[in-house]
Every structure is written in C-alpha cells, then in structure tokens.
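Input: a single structure, listed below in structure tokens.
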Amino acid sequence: MDNRAYEKYKQENPEVYTPLSTYDYVDQFVHQLTNAELVVCVVAVVLAVFAIFKIFAKRKDKHSDDQHD
Numbered sequence: 014m015d016n017r018a019y020e021k022y023k024q025e026n027p028e029v030y031t032p033l034s035t036y037d038y039v040d041q042f043v044h045q046l047t048n049a050e051l052v053v054c055v056v057a058v059v060l061a062v063f064a065i066f067k068i069f070a071k072r073k074d075k076h077s078d079d080q081h082d
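The sequence shown begins at 14 in this note's numbering and counts up by one.
What follows is the structure, encoded as structure tokens:
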C-alpha cells in the first residue's frame, strides 16, 4: 500500500479514542442485578453448598465405615 492510499484510508476511517469516563452508563460496580443474574447467582450458590455437603457427607460415611469394620 503506498502512502497516499494509507492517507486516504485514514481519512475515511479515523481513529476515535473516547475515554471510558465520558460514558455515564458505564459503572464499575453493578448496584442492581436483573432477575436472570439473580437466578444464576442463587443457582451457583446452591450448587456450591450442595457440593460441599456431598464432600463432607462422603467423608463422614468413610469414617463411620472404617470404625464399624
């Protein structure tokens, strides 16, 4: 690409650098969750609690089996 083609391209497609601070709707921390986001979070927490419960239940069963033998 010669220099003039590049200059023409730059004129037709200018680079726009807009700092994020100019956008009012961009928020670093979300203050309000949508219903779908709440459902996803609740399901994730329930699954995590269930997984931890299953791990401890399996360990408890393993220890009780060892003591009865």
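The C-beta atom is built at its ideal place from N, Cα and C for all residues, glycine as well.
Predicted model only: the values in this text are computed from it and were never measured.
* **N16, enclosing alpha helix (DSSP H) - first and last residue** => 16-25
* **Separation of Q45 from A61, as counted between CA atoms** => 23 Å
* Distance between A57 and T47 (C-alpha atoms, nearest Å) -> 15 Å
* Asked: How many angstroms separate the CA atom of V59 from the CA atom of F66?
  -> 10 Å
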